[in-house]
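Enquirer:
In our numbering, the protein residues as written are 64 to 219.
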């Protein structure tokens, strides 16, 4: 499809502590298995890296086509880790998802148009209801779909 993804600001690390078999709206993300990437705004133990947000830039998109981003995140045995997903192109959208013990919910950001250069940025950070002291936020996988042709790219 000619679509590529570049990390502009990285996540803090990765974990295998997610629900291994997503169901419901998240079932399409079964290949992501129990792997998630996480970020943390506040320091965490002896872990040296923390960041306010992660940014992934999608490029090679058609500027005349709207896209839908579907994000899945899961973290077993945790609560209060609400994550905010922000997409920014010619227009923007925001969605929230609680990854704690999530096996079926997804965050959907629809009708996002790329900038004239064919790029859209996905920014991931802690949501307003995130109560973890470290402000952990998560992502397991992202699905990008074009409208109306239905071309799909799954990034895990």
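Backbone N, C-alpha and C fix where the C-beta goes; we use that ideal spot for every residue, glycine too.
The structure presented is a predicted model; accordingly, all values stated were derived computationally and were not measured.
For residue 121, which residues does DSSP report across the bridge?
Expert: For residue 121, which the question treats as bridged, DSSP gives the partners 68, 183.
Enquirer: Here's a check: name, in chain order, each residue in its chain whose Cβ is nearer than 8 Å to the Cβ of residue 140, leaving out the five neighbours to either side.
Expert: So the list reads 80, 164, once near-sequence residues are dropped.
Enquirer: Tell me, to the nearest whole angstrom, how far the beta carbon of residue 204 is from that of residue 121; I am working on the premise that it is less than 8 Å.
Expert: Not confirmed; about 14 Å, so no contact.
Enquirer: Using DSSP bridges, identify the partner residues of residue 200.
Expert: Its beta-bridge partners are 102.
Enquirer: List the residues that DSSP assigns as beta-bridge partners of residue 138.
Expert: Its beta-bridge partners are 163.
Enquirer: Between the segment 175-187 and the segment 114-128, can you find at least three pairs of beta-carbon atoms closer than 8 Å?
Expert: Cβ pair count under 8 Å is three or more, so yes.
Enquirer: Compute the Euclidean distance between the alpha carbons of residue 100 and residue 209, then round it to the nearest angstrom.
Expert: If you take the alpha carbons of residue 100 and residue 209, they lie about 25 Å apart.
Enquirer: When you compare the CB positions of residue 170 and residue 148, do they come within less than 8 Å of one another, or not?
Expert: Closer than 8 Å, so yes.
Enquirer: Three-state secondary structure (DSSP) at residue 156?
Expert: Three-state result, residue 156: strand.
Enquirer: I'd like to know whether the C-beta atoms of residue 167 and residue 84 end up nearer to each other than 8 Å.
Expert: No.
Enquirer: Quick check: residue 70 and residue 136, are their CB atoms within less than 8 Å of each other?
Expert: Going by C-beta atoms, residue 70 is not nearer than 8 Å to residue 136.
Enquirer: Suppose you measure from the CA of residue 256 to the CA of residue 131; what does that come to, to the nearest Å?
Expert: Here the chain has residues from 64 to 219 only, and residue 256 is not among them.
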